[in-house]
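Protein chains in written order, with this note's numbering: chain F, 1 to 303; chain Y, 1001 to 1377.
The structure appears right after this line, and notes come after that.
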Amino acid sequence: MDFRLTEDQRALRRGVRDLLDGRFDREALRAAVDSGGALDRDLWRELGAAGFFALRVPEEEGGVGLGLPEAVLVFEEAGRVLLPGPLVATHLAAGTVPGAAEGDVVVTAVAEGLVPWLDEADVVLGDASGAVPVRSVDPLTPLHRVPGDGGATGRDGGAAGPASGPADALGEAVLLTAAEQVGSAGRTTDMAVSHARGREQFGQAIGGFQAIKHLCAGMLVRTELARAAVRAASLTVDPVEIAGAKLLADEAATANARDCLQVHGGMGFTWEADVHLHLKRAWVRAELRLPAARAEEAVAAGL
Amino acid sequence: MDLGCTDEEEEFRARLKTWLTRELPGLPPRPDPLDWPARRAYDCGWQRRLYDAGYADVHWDASPTQRLIFLEETELAGAPYVGANFVGLLHAGPTIAAEGTDGQRARWLPPVLRGDEVWCQGFSEPGAGSDLASLRTRAERDGDAYVVSGQKIWTSHAEVADWCELLVRTDPGAPKHRGITWLAMPMDTPGVTVRPLRTLAGSTEFAEVFLDEVRVPVENRVGEENDGWRVTMVTLSFERGTAFVGEVVACRRLLGELARTARKNGTWDDPVLRRRLGRLSAEFRALWRIVQANVSEAQATGGVPGAGGSVFKLHYSHARQELYEAAAAVLGPDALDLGRDWNLDRLSSLSYTIAAGTSQIQRNIVAERILGLPKGR
């Protein structure tokens, strides 16, 4: 047993981080916000060229040939920088929807009665007929609402009980979304710590006050708990473990963004600070794939 | 990332399981929890069986993964826990193994492994709890002995211990971390008085120990004079790192029992309670993964567990208290009956966010040592 990342996995993570730091830095993030939710097709193709979508397509089919544990690391990095777009749906469509793997085609999917990025997508999986636009809480995730039940899957997950056998594409979508949440939770922890070290009040860095320190420590604990759960689930591919990982990752992302906002004080409440972008995206990811109530039911059913 | 075990580790597991299946039915009945001499005899008897089977030093010599497997399988099989041997096997023993002389290791370690001698821990004082380094029990050199006077508190197993790992102040003039020395004190030395303390659970888990001019031979000192703080830190990080592995397994089993009880008594139909149990189950599954991550790290670095243990303990102690609150919700009015399972454990669990470093101290450790926030108030 060795739960640590392998040398290759560390290199992969480093490579993705470097790529995203270069191609989607803070300036690009704010430009994307200002653009009002248009998808950057050049960036999408660059992600495709880097293997972001073809990561798990077998090598003989032109993919990178890696597995779910590697995909989880890559999506953690995407969540860290708030990379926009229907990343999970396009990644999962690579190999089946032509052009998805290369980043030429943008694929979205109906999930929980919502469709993200409907106007920008080339292919929509699921029935989006009659979808109406929503004033999305997240400036970087345009949303449509599908009328009626709208493809909400397994609403009564508790009664259905946990699926047996390895997770299907739905489970993978849940897990990759959870990985993005972990990345965001780690990033807001870093942001809070960095602010707490630099900001001075009462003649000292506020990070020296236990009231602030303990908030930050709690953020790290939530992140580590969720990260361990997500990585383990990527290895076991057990549906109950995936549901548990999503639950903890949602909690880590949303609660950490709120604590990060609190540590930033008044600045945290401004549009200018990035904190709100993490919180809003975390809310979207929490709702879009296996929301908390059903995740809890799914784990309970495994008892 | 790999959660699988090597062939060698699986063989270790299989051999252990076979042994447990054979050995456990022959154990004597569990003693009355209030009868300390009987508990000591029971715990030491179990340790002797481990010794005879070659598992006695699993906490020290086995690889971290083997230790994890040992703790997992013994808990799953319902085997006894270390009990009265906790300090000897998990605190004093590892300290002596790491910092003692050859002679000290030869004198003190074999009796711990055989279950012949029990140790207790004399660290905390009425005025030195979270701020342990401010301890004031004095030790003055007099020829070949230290003369020790002062008071210790929260000393588990003091009533039945043979030895005490004792922290004393040898240089009151030095900065507080630099004037402390680690001594091994025989509990039957004249001047040692033990007064049991009753916990809110009604039992005498620990005691106050009064020391009145107790003569401890200088040869019982582990490490240099005034270097006791460093020597001690080895044990404390050990405690936070692996001491709770078996308990996570136990908590997961308890969750299963809770779900069964809830399905029987109808409380499972309450979605709020059901979801609460689901959330706890997710947390304990994740805690187990954190244990595996910490063990992997320890295995790779060969070092003792570090601040990662604080991350674990912070969430574990909280989650375990929540687990017993959920158990009380499942039991309803029966939660008030101390004759029912889980209710005494609910009371005991109230110490988890205090013992072995309060949650507040753990958060300071995480914030300062992992996140790099400044020391301060």
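C-beta: ideal position from N, C-alpha, C; glycine also.
Neighbouring residues, chain Y, relative to residue i (Cβ below 7 Å)
i	result
F:Pro-98	Those within 7 Å of F:Pro-98 in chain Y number zero; the least Cβ separation is about 32 Å.
F:Ala-128	Correct list: empty, because the minimum Cβ distance to chain Y is about 30 Å.
F:Arg-231	Met-1001
Within chain Y, the residues that residue i reaches when beta carbons sit closer than 8 Å
i	result
F:Asp-2	Met-1001, Asp-1002, Ser-1296, Gln-1299, Ala-1300
F:Arg-197	Gly-1372, Leu-1373, Pro-1374
F:Val-221	Val-1311, Leu-1314, His-1315, Val-1366
F:Leu-235	Met-1001, Asp-1002, Leu-1003
F:Gln-204	Pro-1374, Gly-1376
Per-residue burial, residue i [other beta carbons within 10 Å of its own, 16 or more giving buried]
i	result
F:Met-267	exposed
F:Asp-156	Confidence is the limiting factor: at F:Asp-156 the pLDDT is only 35, short of 50, which leaves the residue's position unreliable, though a coordinate-based value still follows. So F:Asp-156 ends up on the exposed side.
F:Ala-159	Confidence is the limiting factor: at F:Ala-159 the pLDDT is only 35, short of 50, which leaves the residue's position unreliable, though a coordinate-based value still follows. Exposed is the call here.
Y:Ser-1134	exposed
Y:Pro-1029	exposed
F:Asp-3	The amino acid occupying residue 3 of chain F in the given sequence is Phe; Asp does not appear at that position. So F:Phe-3 counts as buried.
F:Phe-269	exposed
F:Ala-185	buried
Y:Leu-1200	exposed
F:Pro-162	Residue placement at F:Pro-162 cannot be trusted, given a pLDDT of 42 that sits under 50; what the coordinates show is reported in the next sentence. The residue is buried, with at least 16 neighbouring Cβ atoms inside 10 Å.
F:Gly-150	Because the pLDDT at F:Gly-150 is just 49, under 50, the model does not fix this residue reliably, and the point stays unresolved.
F:Trp-271	exposed
F:Glu-59	exposed
Y:Gly-1339	exposed
Y:Ala-1387	A question about residue 1387 of chain Y goes unanswered here, because the residues of chain Y that appear run from 1001 up to 1377.
Y:Ser-1296	buried
F:Pro-147	exposed
Y:Val-1087	buried
Y:Gly-1223	buried
Y:Ser-1317	buried
F:Glu-296	buried
Any non-hydrogen atom of the ligand FMN within 7 Å of residue i CB
i	result
Y:Val-1216	No copy of the ligand FMN appears in this structure; indeed no ligand is present at all.
Enclosing alpha helix (DSSP H) for residue i [first to last residue]
i	result
Y:Arg-1013	1007–1023
F:Ile-212	210–236
Y:Pro-1111	1102–1114
Y:Ser-1359	1359–1365
Y:Gly-1278	1271–1301
F:Met-191	169–198
F:Ala-31	26–34
Y:Leu-1255	1245–1265
Neighbouring residues, chain F, relative to residue i (Cβ below 9 Å)
i	result
Y:Asn-1364	Gln-210, Lys-213, His-214, Ala-217
Y:Gly-1246	Correct list: empty, because the minimum Cβ distance to chain F is about 17 Å.
Y:Thr-1065	Met-1, Asp-2
Y:Gln-1292	Met-1, Phe-3, Ala-228, Ala-232
For residue i, the first and last residue of its enclosing beta strand (DSSP E)
i	result
Y:Arg-1067	First-last for Y:Arg-1067: 1064–1076, but that is the alpha helix (DSSP H), not the beta strand (DSSP E).
F:Thr-108	107–109
Y:Asp-1212	1206–1217
Y:Arg-1195	1192–1197
Y:Tyr-1146	1145–1156
Y:Ala-1184	1180–1186
Y:Ala-1139	1138–1142
Y:Leu-1166	1163–1169
F:Arg-135	It is not in any beta strand (DSSP E) - F:Arg-135 carries neither H nor E in the DSSP assignment.
Selection from the options that minimises the alpha carbon distance to residue i
i	options	result
F:Phe-202	Y:Asp-1007, Y:Glu-1009, Y:Glu-1008, Y:Gly-1376	Y:Gly-1376
Y:Pro-1094	Y:Trp-1288, Y:Leu-1323, Y:Val-1234	Y:Val-1234
F:Val-88	F:Leu-5, F:Met-1, F:Val-74	F:Val-74
Y:Gln-1360	F:Ala-301, F:Leu-215, F:Leu-12, F:Arg-13	F:Leu-215
Y:Cys-1120	Y:Ala-1262, Y:Gly-1083, Y:Arg-1274	Y:Gly-1083
Y:Val-1311	Y:Leu-1255, Y:Thr-1232, Y:Trp-1154, Y:Gln-1362	Y:Gln-1362
Y:Val-1245	Y:Pro-1037, Y:Asp-1007, Y:Cys-1044, Y:Gln-1066	Y:Gln-1066
Y:Leu-1047	Y:Asp-1116, Y:Glu-1008, Y:Gly-1266	A small correction: the amino acid at residue 1047 of chain Y is Gln; Leu does not occupy that position in the sequence shown. Out of Y:Asp-1116, Y:Glu-1008, Y:Gly-1266, Y:Asp-1116 has the C-alpha closest to the C-alpha of Y:Gln-1047.
F:Gly-207	F:Leu-277, F:Ala-257, F:Gln-262, F:Val-182	F:Gln-262
F:Ala-109	F:Gly-99, F:Val-97, F:Pro-86	F:Pro-86
Y:Gly-1278	Y:Ser-1317, Y:Glu-1322, Y:Lys-1264	Y:Glu-1322
Interface partners of residue i on chain F, CB under 7 Å
i	result
Y:Ala-1161	Going along chain F, no residue has its Cβ under 7 Å from Y:Ala-1161, so there is no contact; the nearest lies around 34 Å.
Y:Leu-1255	Leu-303
Y:Leu-1277	Ala-300, Leu-303
Rounded distance between the beta-carbons of residue j and residue i, thought under 8 Å
i	j	result
Y:Val-1168	Y:Thr-1181	6 Å
Y:Ile-1370	F:Ala-228	Going by Cβ atoms, the distance from Y:Ile-1370 to F:Ala-228 rounds to 15 Å, so no, they are not a contact pair.
F:Ala-78	F:Glu-224	Rounded, the Cβ-Cβ distance is 19 Å, inconsistent with contact.
F:Leu-235	Y:Ser-1281	About 19 Å; that fails the 8 Å criterion.
F:Ala-233	F:Ala-252	F:Ala-233 to F:Ala-252, Cβ: 14 Å. No contact.
Y:Glu-1213	Y:Ser-1149	6 Å
Y:Leu-1020	Y:Ala-1077	4 Å
Y:Thr-1267	Y:Asn-1226	Contact flag wrong, Cβ pair sits at about 57 Å.
Chain-ordered neighbours of residue i on chain Y, where CB pairs are closer than 9 Å
i	result
F:Ala-293	Pro-1271, Arg-1275
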